[in-house]
Every structure is written in C-alpha cells, then in structure tokens.
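Quick note: to get my numbering, add 77 to the position in the sequence shown (first position is 1). Think of the CB as a built atom: it goes at the ideal place given N, C-alpha and C, for glycine as much as any other residue. The structure presented is a predicted model; accordingly, all values stated were derived computationally and were not measured.
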Amino acid sequence: MLSNDSNKDWMIDPTVVPAQMSPVDPPAVRNCDRLIASIVCFTLGEKLSNHSIEDYILDHIELERECSDRTNLCLAWSDDVSLALCFIVSLIQYGGYSQDDLTQQYINWWMNGFMSPTGVCFTPSIHIKQTIEQMSINLAAESLAVITDENIYTTPPSPPVAALLRISPIAYFYSNHSPSVRIEVITHCVRAMFGQEISIENFVIYIELLVNALNGHAKEKILQSIQIPLDRSHSMSVALIKLIDILRMDNNDIQQGVQQALAFNQSIEQESKWRNPYDSNQTILVTLYLQVSGALYYQTVPSEWFACTYAK
C-alpha cells in the first residue's frame, strides 16, 4: 500500500497480524512500484510450484491458519522466504544493516513464527539452525570484545543457493547507494552467516542484478554487464547462469519465464516430517526469477497472482 506522505518513514508494527494490515507500509518514493512488485513476487514461488505434500501436513498448515485467524490466506512459503522478510523488517526497523537486530529477527521467527505464513515456525533445517547459531556466536564474541575461532563452536555452513534470497533485501534498502557500500554490507552479512572464508562474488553479482532491475535499467544492458564465474561445481554459480538464461529467453513475459524456471524444480527428500514442506531448494530458481522479473516487468504481473496473499 502506497502512503500519501512521500516523506514519512517506513512504518512497521510486528505485533499486528497480517490479516488485519500489512506489516510494511512503504512511502511513495521513486521505483516504489518495482520494489513492491519484486517483494510480493518472491513470496509467490511456492504458490506457483507443484509441491507434492502429504495431506496431514496440509491439514496442519490449515489448522494453524484457523487458530491464528488467518483463514483468508492461501499462500505458504519456504523458510528462506521468511528469513528474507525478516531481513526486510530489520533493515526498516533499524534503518540499515545490523547483525544484532537481524539475529534477533531470526530468533523471533524461530521461536515465535514471526513472518511465517502460518504464524508458527516449523522445525528449522539443520542448515538454517547452523546459520543462526553462527550469527549468535559472532555477535556474542563482538559484544564481549573477544577474538575467537568460530570453528571451535560450530562448522560454518557453506551457503546454499537460497542464501542469495536471504541477503537479497540488501538490494531493496541500498539500491541508491554506491556499489562499494553494498559490497561492504554484503561482506559483513555473508561473513556473519557463513564464516570468514566464504567468497562474496556470487552474492555481489545477484545483488547488483536486482539493484539494476529495481532502478529500471534496460534488461539487455543489465545482462550484458554480468560476468558469472564458470564454475560448474558451484551450485550458486550454476543457478545464476540458469537464471540469466531464463531472463534472456523469457520474451519479456513473466509468465513464460516462470514456466521455464519451474522446469528446473528439484525433488529433494524431506529431512523430517516436522520441517517446512515448502523447501526453497526445490524452487529457488523460480523464486529468484520472480524477485528479479517482478521489478523488471512490474506493470504486467498478473493480478490474479496477488489474490489473498500475505504480502499484498
């Protein structure tokens, strides 16, 4: 929802349930339509995908919606989408990137279901648990001014492709900043989540792709400027190459691009029946495509995609 006051700050009230109002009320600023379309679109990946989910899990989701008075919502999403939404909230609430605030938002999601479409959090995957533990350890060490070897406590997880989605809100908040500022924020964020040895190259590529889309640059020029490392052994590089290929071949039609992206859905065995059945590893390509193409094609996103969604 666009605000009538172009100068007011973004408003947020985490205590208000989404059935009553949107938790985010952005001001009317330049490129706001692209930004909103991108945010809403990346929550749609699970809705547009064909998940094979056991009936008892669907019954559980429906029960949680009824108990939280959210029966008018038809959308569920992966844990990584929830974490990306938590990051957006943190950036708005704190006024920029804060490892402390982001960690607290993640813990709020884990413990209280904040930014979970059902109002409760499924048991997080081992990978997400490791990430939150890693951030908490780093934060505790910094608060005590202790120089510590993070590997003593836990093995930093290597980032999955879905990590691109988790840090993508950096593009929303810092789209009008210099690339050097974005790189600094990306570096701090990635190192806090995954340790000091992780390369930020693919993260920078994706953030700059999304920033250019949000700023309304021509798609052809955006794609020409991207240089992705040709490392076929790295899942993140492979996903980015596929994403660029789909953007090139979608004929500027978001529905056509979604169908191409859905062809890359993967069937992955569920870690536990208590885990979120909407696994971002299965649908991450279509989610990333929707996030970028929502900004590129914001004027032609089908209106029926937005019916009864949490992010509307």
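Closest to residue i by CA distance: which of the options is it?
i	options	result
Met-212	Ser-370, Ile-184 and Ser-314	Ile-184
Leu-179	Gly-190, Ser-193, Ser-312 and Ala-161	Ala-161
Asn-329	Gly-173, Ala-290, Ser-380 and Leu-241	Ala-290
Gln-336	Ile-113, Ser-252 and Gly-122	Gly-122
Leu-300	Val-262, Glu-285 and Ser-312	Glu-285
Ile-303	Gly-293, Ile-209, Ser-312 and Asp-322	Asp-322
Met-326	Glu-297, Cys-266, Met-192 and Asn-215	Glu-297
Ile-361	Ala-240, Phe-271 and Ile-113	Ala-240
Trp-154	Ser-167, Leu-125 and Gln-181	Leu-125
Asn-215	Val-378, Phe-341, Gln-273 and Ala-340	Gln-273
Ser-167	Gly-293, Cys-266 and Ile-113	Cys-266
Phe-250	Ile-277, Ser-370, Gly-334 and Asn-292	Asn-292
Gly-173	Ala-217, Glu-261, Ile-203 and Ile-205	Glu-261
Asp-177	Leu-324, Trp-186 and Ala-217	Ala-217
Val-238	Tyr-283, Ile-263, Ser-252 and Pro-201	Tyr-283
Could you please give the first and the last residue of the uninterrupted alpha helix (DSSP H) stretch that includes residue i?
i	result
Thr-180	176-189
Arg-334	Note that residue 334 is Gly in the sequence shown, not Arg. That run of the alpha helix (DSSP H) goes 331-339.
Asp-284	Residue identity check: residue 284 is Ile in the sequence provided, not Asp. Here the alpha helix (DSSP H) through Ile-284 covers 278-291.
Glu-274	No alpha helix (DSSP H) holds Glu-274; DSSP gives it neither H nor E.
Glu-381	Careful: Glu-381 lies outside any alpha helix (DSSP H) and carries neither H nor E.
Tyr-374	Premise fails: Tyr-374 is in no alpha helix (DSSP H) and is neither H nor E.
Ala-295	Taken as a continuous stretch (DSSP letters only), Ala-295 belongs to no alpha helix (DSSP H), as it is neither H nor E.
Pro-246	246-250
Leu-162	156-171
Asp-327	Premise fails: Asp-327 is in no alpha helix (DSSP H) and is neither H nor E.
Ser-407	Summary: the structure shown does not reach residue 407, with the chain confined to residues 78 through 389, and so no result is reported for it.
Ser-115	109-119
Throw me the rounded Cβ distance for the residue i and residue j pair, which I believe falls under 8 Å.
i	j	result
Asn-279	Leu-320	Their Cβ separation, rounded to whole angstroms, is 11 Å, which puts Asn-279 and Leu-320 out of contact at 8 Å.
Phe-164	Arg-243	7 Å
Val-158	Phe-119	7 Å
Ile-331	Val-378	6 Å
Gly-334	Tyr-375	With 8 Å as the limit, Gly-334 and Tyr-375 do not qualify as a contact, their Cβ atoms being about 14 Å apart.
Asp-156	Ile-113	Not confirmed; about 23 Å, so no contact.
Give a yes or no on whether the C-beta atoms belonging to residue i and residue j are separated by under 8 Å.
i	j	result
Ala-295	Arg-111	no
Ile-305	Ser-314	yes
Ser-115	Gln-368	yes
Ile-275	Pro-236	yes
Thr-208	Met-270	yes
Ala-248	Val-288	yes
Is any beta-carbon of chain B found at less than 8 Å from that of residue i?
i	result
Ala-338	In the structure shown, chain B cannot be found, because there is only a single protein chain.
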